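First residue of the sequence shown: 887, per the numbering used here; consecutive thereafter.
Everything on this sheet refers to the single structure shown next.
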Amino acid sequence: MTLTRVESSMIYAVGYVRDRQAMDVVFLSGRIWRYFGVPQDVYDGLMAAGSKGSYMRNEIIGVYCEQRVGKG
């Protein structure tokens, strides 16, 4: 999965695999979380959001299954 660096006070980088609908989010804390079943339009919405942290809290965290994958 290729990670893309983003401008955010909460998120360092985001990666997405369309055919798996899997999204990795690297938080500034160093923790990495994988979200499952994330549609392309939700990923696109995150990447286009003016506040990626708000978008994460409102549209992704607690909505999609998640698994911590990083040790940070």
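Beta carbons are placed, not taken as given, at the ideal position from N, Cα and C, and that holds for glycine.
All values reported here derive from a predicted model rather than from experimental measurement.
Cβ neighbour criterion (16 or more within 10 Å) applied to residue i
i    : result
S915 : exposed
R904 : exposed
Inter-residue Cα distance where the pair is residue i and residue j
i    : j    : result
A899 : R943 : 16 Å
Y929 : T888 : 14 Å
E952 : G936 : 23 Å
M896 : F913 : 6 Å
G939 : I947 : 10 Å
Close Cβ partners of residue i (< 8 Å) along its chain, the five nearest in sequence each way excluded
i    : result
T890 : A899, V900, G901, M933
A908 : M887, Y902, R920, Y921, F922, V924
Distance CB(residue i)-CB(residue j) smaller than 8 Å
i    : j    : result
Y961 : G923 : In the structure as shown, the chain begins at 887 and stops at 958. Residue 961 is therefore absent and cannot be evaluated.
R906 : V955 : no
Contact set for residue i: own chain, Cβ-Cβ below 7 Å, skip 5 residues either direction
i    : result
S894 : K938, G939
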